[in-house]
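The block underneath contains the structure these notes are about, expressed in structure tokens.
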Amino acid sequence: MFRRLDDAPAQRVEIELDGARVAVPAGISLAAALLWLGVAPYRITALGGAPRAPYCMMGVCFDCLAEIDGRSNRRACQVTVAAGMRVRRQLGTAAGDADET
Ligand code: FES
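Residue numbers for the sequence shown follow the numbering used here, so the first one is 3 and each next one is one higher.
Here it is as structure tokens:
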């Protein structure tokens, strides 16, 4: 179920992160990809302004929320990276729709 990030697949896909193109290992979750990149802060809570990072990696804690392809509040640990995916970190209040909260 889990594997080490330093043992990530060699094949890469390009995604857009906050407007910059980055290459990440193919076939892993978006949350794992952002951890692999060392992205910090991962997100900032809307009310308290607290920094958050993926915690459970199985869809329970909601600490991995991100805007993915224009839809906010998506759990990045439940989404596999795909070439051309557009990702924005949620730093405070999320823009766009709220399909998961
Ligand atoms: S890391 Fe907990 S829901 Fe994604």
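Don't be surprised by glycine CBs; every beta carbon is placed ideally from N, CA and C.
Assuming the contact rule is C-beta atoms closer than 8 Å, V26 and V81 should be a hit. Round their C-beta distance to whole Å, please.
Counting from 1 along the sequence shown, the entry for residue 26 is found at position 24. Counting from 1 along the sequence shown, the entry for residue 81 is found at position 79. Going by Cβ atoms, the distance from V26 to V81 rounds to 12 Å, so no, they are not a contact pair.
Note the first and the last residue of the continuous alpha helix (DSSP H) segment covering A33.
By 1-based counting over the sequence shown, the position of residue 33 is 31. L32 to L39 is the extent of the alpha helix (DSSP H) around A33.
Quick one: what does DSSP say A28 is sitting in, helix, strand or coil?
Residue mapping note: residue 28 aligns to position 26 of the sequence shown, counting from 1. Coil, per DSSP.
6 Å CB neighbourhood of G51 in its chain, flanking five on each side removed
In the sequence shown, counting from the first residue as 1, residue 51 sits at position 49. No residues qualify anywhere along the chain.
Should G50 be counted as a contact of the ligand FES given a C-beta to heavy atom distance under 7 Å?
Working through the sequence shown from its first residue, we reach residue 50 at position 48. No, since every heavy atom of the ligand FES falls outside the 7 Å radius drawn around the Cβ of G50.
When the distance is taken between beta carbons, is R45 closer than 8 Å to A68?
Locating residue 68 in the sequence shown gives position 66, where the first residue counts as 1. Locating residue 45 in the sequence shown gives position 43, where the first residue counts as 1. In this structure, R45 lies closer than 8 Å to A68 by Cβ.
Is T68 helix, strand or coil when you go by DSSP?
Counting from 1 along the sequence shown, the entry for residue 68 is found at position 66. According to the sequence provided, residue 68 is Ala. The question's Thr does not apply to it. Strand, per DSSP.
Can you tell me the Cα-Cα spacing of C79 and L49, whole angstroms?
As a first step, residue 79 must be located in the sequence shown, where it is residue number 77. As a first step, residue 49 must be located in the sequence shown, where it is residue number 47. Near 22 Å, if we compare the C-alpha coordinates of L49 and C79.
For L19 and R6, I'd like the C-alpha separation in whole angstroms.
Start at 1 with the first residue of the sequence shown, and residue 19 comes out as number 17. Start at 1 with the first residue of the sequence shown, and residue 6 comes out as number 4. For L19 and R6, the distance between alpha carbons rounds to 22 Å.
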